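In full-length UniProt numbering, the protein residues as written are 1 to 1138.
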């Protein structure tokens, strides 16, 4: 108890708490909650933050990664301190610790490393009392401490815990005399190595108090290191992120005191030198992120697999608004030396940029200006949209982008105020909500839209082309892609195409292929000749002339901005595009001030007069200062096409003038485009500033010559959407508009047989309304089917002839359908005549016409579909009541006709077959893709990963074309009344209280899964159903009856089809024979043992020798496995080459 007795004799200095001390302690609660969520996702167990978090927070991936970086930065410094060889005792003092459990993390995970270390936490006494109670209430924390002494009444209450490894002190950090006495009471610092950690604590103190604390710590020992992690201002106060951050803390009553006084490396170096620390290393956290000493590329890339992430600008802005200062009171450096190399984490490739000491400012800066126009409502509040020109008008549109709550599927259009042109026609909303896509004006005046995403794990691959006022769906990308760049090119034979470079195909994968789009062929891979820059996303890919230009910036797979600079050229030989060439360049002359901000991620570009402007984005320093937000590039653009000549380009900053009423735009996620008058429009832009709030540009900025006059006065104008082309429109070759859960299947009116044949050739699903399928659409109902003559009970047949045997089978089907209809109002089920009567050998189609001719007379093929009449394989009747189905596919094409009721369908293209859980040779999957979300009869879709779901709602009278090998599943779609929407349900008309059963092959509309996101594997075989669970008794409604027909027909020659010998299902001859070939290959490896034995006996007889036990009877299993895998890879490579 000696330590407590010594401290109890200390005289209280009587320093009163600051007025906002309670508010300062409250900020700690929010920080701990954020860190607790980050710890849960990113850090190994044991977890300690959760014990101090009052409530769990669901935070964005950007916040999680931002706090992980902060925690990692402090951990890195602490590790450097603990691993430093020394015979002295080590002391780590956490100044303003809050509820940070850092000591317990180290004691639990790295106990040997902490054997000669003592951790000391210091903060307000009231906070530390709460922290002590939590520590003592948790055995997993208290058990890490030895020789624990806790304060009690009458014995120095400020020392709340003192043990061999840890002490907790309650003290205001401004009271240095008291703090010194408390530290002396628990440890002798004079002969110790000391690390002081101050995470955010000094930034909330008054500047003089914080400086006094830093200076005081330098004298604690002969070896003191001070680690400060605190907010900073990398730009002026009107920077959007800076303003949001400072405003947030000011509103909380805890202003950031010294954020503008110590805003960078020079001021922080001076601060710590004056405090007695001669050796200082300073980095903002975005620079630290790219430091090879801190993180390796593989460590950075590993984070992408924890949770989907694409908020790179937000992450970089937050990281560059925080700095890590590591100061040492000795002259030798504390941290390991940085390795300056062009191949380290900061560099990218062979090309480079030269820096000069020339003036950073463009002399023409004073000749340019910004003019601002505020937009009505929130139409311009979007970021990461893309702009395109309105054909035939001096107007610019921006489509999509991330809005305040979700991605937008709308356009905003601006044009000069004085123009009175007709209302601009914009992209139809059916194109779908998206962001991070790219729109590019083609060389012939068309516009093309490429890719994008809904969420980071929902990339898009659809592309659209505008001709006149109509947007057409064109060829999909080979794989989804977002944050790519597209430039227009002119191809041989006067065709106009586009080159797509860079981008991401998913949260953890950067696109490696360069793609060329040709109008008559679609997308193909474009070979890179000689050099190929490192794959990246969000670069600057600029066309400066005829099929050539510049390429620089962007972000690598590991989240580091590339610093290289390239010239590119499309190579055409003998009237054929053979590839694209890249040549590194060193001819860029950048001023010393502009150089660090040239290579960027997420920037836009454009020409104003003879200057190429690079606008906004983020750089390797993170947040770009106002002076360098817009860079101007001038030089010999005219000789870029000549690879034999070296050109010269000069980079300077351009800072346009602004009137007092013109706000500063945030140049993150903005969209830009050149006008017909040579000005530049900036529209959209914004960022989610962590938990500080959102910020959006609320209008448009026109960058113009000061003499522009009224032509620079632009406004937002009304628009009208483009009309989607019909089914016969040739450019619309892909059927899918994007929705949050997938692609919406297109709907089209089929006018004649030619349009229907065109649909069949495209092999894309499409919903076809208003076709005449006969009287069945009008007549077939629950009552009609139950009372039909064909289902009345017949007299018992006497089977004597072969034809009468067939009649008996037909009677069996009628009896089963009759029994099915009797129970369908009570039990949710489905009727599968195909599954009940099909045989493997006969392959006889179970035709509605053959089995139920009386009902078949009500059905007819529309005249538009008469071309498939001789190809029809089967016409099947489906009668169900409120079920969901498992995915299945057919080798033939299918027309699904909805007769009664409505259903929601999800379809998966053939490329997804291997992701849906089909057993070998099976046509039914064992994977559930729909689950019920509760009593309101709503289903949620859970598509398997790496699939491209296509969605449709099929209502009575409508039909759906399902191409061969497209998997599909469905759930009921209930048209609910207003009363039902409010939660009330009408009673069953017959007063029947029914039991709802969930079958292995179907799911009732009120059943639920244990987890909404979990796929359950059950047998989907409809002929083998057994009840799985029994739900609450609820009344059933006959209005949920679903009656449908499916017409399957051949689209290949009859000889191409065969019955599977294992399942009896129809299959392709090539696939079934291929499966037999696989079995043959396996038999060859299994027969090695017999061949080996026979050969050995033969050789022994000839040579007169005996086996010495050296030869093996068969190849080892691992060898067999490896060789089989090699054969599989050879087969995959041939499939990729198709």
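Even glycine gets a Cβ: it sits at the ideal position worked out from N, Cα and C. A quick note: this is a predicted structure, and the numbers were derived from the prediction, not measured.
Excluding sequence positions up to five away, which residues of its chain have a Cβ less than 7 angstroms from the Cβ of residue i?
i	result
residue 479	461 and 505
residue 372	662, 663, 699 and 701
residue 583	531, 566, 567 and 643
residue 254	20, 23, 24, 27 and 204
residue 1126	none
residue 331	278 and 279
Can you have a look at residue i and say buried or exposed, based on whether 16 or more other CB atoms are within 10 angstroms of its CB?
i	result
residue 1122	exposed
residue 1032	Caution applies to residue 1032, whose pLDDT of 33 falls short of 50 and renders its modelled position unreliable; the value that the coordinates give is listed next. When all chains shown are included, residue 1032 counts as exposed.
residue 896	buried
residue 1141	No statement about residue 1141 is possible, as the shown extent of the chain runs from 1 to 1138 and does not include it.
residue 329	buried
residue 746	buried
residue 109	exposed
residue 520	exposed
residue 238	exposed
residue 1077	exposed
residue 768	buried
residue 382	buried
residue 408	buried
residue 389	buried
residue 299	exposed
residue 1071	exposed
residue 131	buried
Tell me, please, which residues DSSP counts as bridged to residue i.
i	result
residue 944	Paired residue(s): none; residue 944 is not in a bridge.
residue 281	326
residue 518	522
residue 719	None; residue 719 has no bridge partner.
residue 231	322
residue 504	482 and 510
residue 967	908
residue 606	613
residue 631	614 and 653
residue 1057	1068
residue 761	According to DSSP, residue 761 bridges with nothing at all.
residue 1143	It is not possible to answer for residue 1143, since the shown part of the chain is limited to 1 through 1138.
If you drop the 5 nearest sequence neighbours on each side, which residues of the same chain put their C-beta closer than 6 angstroms to that of residue i?
i	result
residue 65	315
residue 209	174
residue 334	225, 326 and 328
residue 1143	The shown model of the chain, from 1 to 1138, leaves out residue 1143, and the question about it has no answer.
residue 750	727, 756, 768 and 864
residue 569	548 and 581
residue 845	With a pLDDT of 37 at residue 845, under the threshold of 50, the modelled position of this residue cannot be trusted; read the value that follows with caution. Answer for residue 845: 873 and 874, listed in chain order.
Got a sec? Which residues, its chain only, sit under 8 angstroms from residue i by beta carbon, not counting five neighbours each side?
i	result
residue 528	514, 579, 580, 581 and 582
residue 1069	1055, 1056, 1057 and 1058
residue 83	113
Can a CB atom of chain B be found closer than 9 angstroms to the CB of residue i?
i	result
residue 35	Considering every chain present, this structure includes no chain B. It has just one protein chain.
> What are the uninterrupted segments assigned as beta strand (DSSP E) that are 3 or more residues long and contained completely in the segment 375-433, given in chain order?
Replying inline: The DSSP assignment places complete beta strand (DSSP E) segments of no fewer than 3 residues inside the segment 375-433 at 386-389, 396-399 and 411-416, in order along the chain.
> Can we say the segment 939-951 touches the segment 871-883, given the rule of at least three CB pairs closer than 8 angstroms?
Replying inline: Not touching, per the Cβ criterion.
>> Counting beta carbon pairs with one atom in the segment 281-296 and one in the segment 27-35, are three or more of them shorter than 8 angstroms?
In response: Because the criterion of three Cβ pairs below 8 angstroms is not met, the segment 27-35 and the segment 281-296 do not touch.
>> If contact is defined by three or more beta carbon pairs under 8 angstroms, each pair taking one atom from either stretch, is the segment 416-431 in contact with the segment 389-408?
In response: The segment 389-408 is in contact with the segment 416-431.
> Does the pairing of the segment 709-724 with the segment 615-627 give three or more beta-carbon distances under 8 angstroms?
Replying inline: Result no; under three Cβ-Cβ pairs closer than 8 angstroms.
>> Pairs of beta-carbons, one from the segment 296-305 and one from the segment 597-606, closer than 8 angstroms: are there three or more?
In response: The segment 296-305, when compared against the segment 597-606, does not touch it at the 8 angstroms Cβ threshold.
>> Under 8 angstroms, with one C-beta from each stretch per pair, do the segment 92-101 and the segment 185-205 reach the 3-pair mark?
In response: The segment 92-101 vs the segment 185-205: in contact.
> Taking contact to mean at least 3 C-beta pairs separated by less than 8 angstroms, is the segment 163-179 in contact with the segment 117-129?
Replying inline: A contact exists between the segment 163-179 and the segment 117-129.
>> Runs of 4 residues minimum, wholly inside the segment 17-92: which ones carry the alpha helix (DSSP H) assignment?
In response: Within the segment 17-92, complete alpha helix (DSSP H) segments of at least 4 residues are found at 21-42 and 61-83, given in chain order.
>> Please give me, in chain order, every unbroken run of the beta strand (DSSP E) with length at least 3 that falls completely inside the segment 533-565.
In response: Scanning the segment 533-565 from its first residue to its last, the whole beta strand (DSSP E) runs of 3-plus residues come out as 540-545 and 548-552.
> Can you list the alpha helix (DSSP H) stretches of 4 or more residues lying completely in the segment 89-114, in chain order?
Replying inline: Counting whole runs of 4 or more residues, the segment 89-114 contains the alpha helix (DSSP H) stretches 102-109.
> Contact between the segment 895-913 and the segment 952-962: three or more CB pairs below 8 angstroms?
Replying inline: In short, these stretches touch, since the Cβ pair count reaches three.
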